[in-house]
């Protein structure tokens, strides 16, 4: 079994650019499909890194792609999806999960126009279904690496896009088993280039985790708004709603269509966490009813748990991964606990095993510089 020789730090990458038969460096084109908050922010971050790529933007609404061009997130706005794919070495699907399958179909139908060993990635918040689609739809020679940058804002749209959106965040990477090892390394380079920390995990593990820390919160926020605003007293109650209610209800302002699609794609994990929360809420109800020291202990425990999480966030700059190797690309591997470099090695080795033609020459022209970290 051939393994890719990763350096100790996963941030230390230098992927060489491929050259054509005449020795001329091939054009480097990244296509971003979906130029809203995430797609636009990726474009701005890559432009800020000054890596020399040509970035093409496509959106189902051409005015959004044009706005991305005006903001400097893309070099070219292309209304026609097949034309946007022409010559691409990397295709980023910054789309709601339910828009990914038809887009993968279009990519497969136009795969001959992509660069050899093109990489396709996404930014959706669920991964089991997306990876299943990609492995079933994309032809051999197109490398799919699932991606999920753990970053965002309350408001969506290209107007909210920012080059700094991914700074210090965790960038989940989930390679398809057919992906070439060098494609995985390229995506590590992309995560570093936008200021994020690459983190490898299993697709089912990913979906279970994000159901708890990303999907459950927007359901709870929406339920809070529903419960309070449907009460007959809301007309008067709303005059008292201020900072606490505003913060707790913030996620209810998200995109309803996206939330609905996310719940459909990750239904099992979300339902499991809703059941867990209901059971925990019943325990809190009993504590409130009883009052006294046990209730205070519960509040203290919640406060301490949150403070530990926040301290971990300050130290690691990795949301939800306090005081551990998770989210760090430079942490040593502890005995019995695989660090991200070990995870990366395992996943890249799996790519070699899964590819019937491995080892094979990888000719993607994408070139990301080393991180100074």
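Numbering (my numbering), first residue to last: 55 to 427.
Note that CB positions come from ideal geometry on N, CA and C, so glycine has one too.
- If you draw a 10 Å sphere on the C-beta of residue 350, you find fewer than 16 other C-beta atoms in it, and that means exposed.
- Between the alpha carbons of residue 155 and residue 259 lies a gap of roughly 21 Å.
- Here residue 310 is exposed, its C-beta having fewer than 16 other C-beta atoms within 10 Å.
- Straight-line measurement puts the Cα of residue 313 at about 34 Å from the Cα of residue 104.
- Residue 142 places its beta carbon 8 Å or farther from that of residue 112.
- Pairing residue 253 with residue 219 gives a Cβ-Cβ distance that is not under 8 Å.
- Runs of alpha helix (DSSP H) with 4 or more residues, each lying fully within the region 188-248, are found at 235-247, listed in chain order.
- Look at residue 271 here: in three-state DSSP terms it is helix.
- The Cβ atoms of residue 190 and residue 230 lie no closer than 8 Å to each other.
- Looking at the DSSP output, residue 166 sits in no beta bridge, so it has no partner there.
- Counting along the chain, the unbroken beta strand (DSSP E) around residue 110 starts and ends at 108-112.
- Here the alpha carbons of residue 359 and residue 346 stand approximately 21 Å from one another.
- Distances from the CA of residue 125 to each of 320, 215, 337, 323 were compared; the closest alpha carbon is that of 215.
- Per DSSP, the beta-bridge partners of residue 86 are 111, 146.
- In this structure, residue 170 lies near residue 195, with their beta-carbon atoms less than 8 Å apart.
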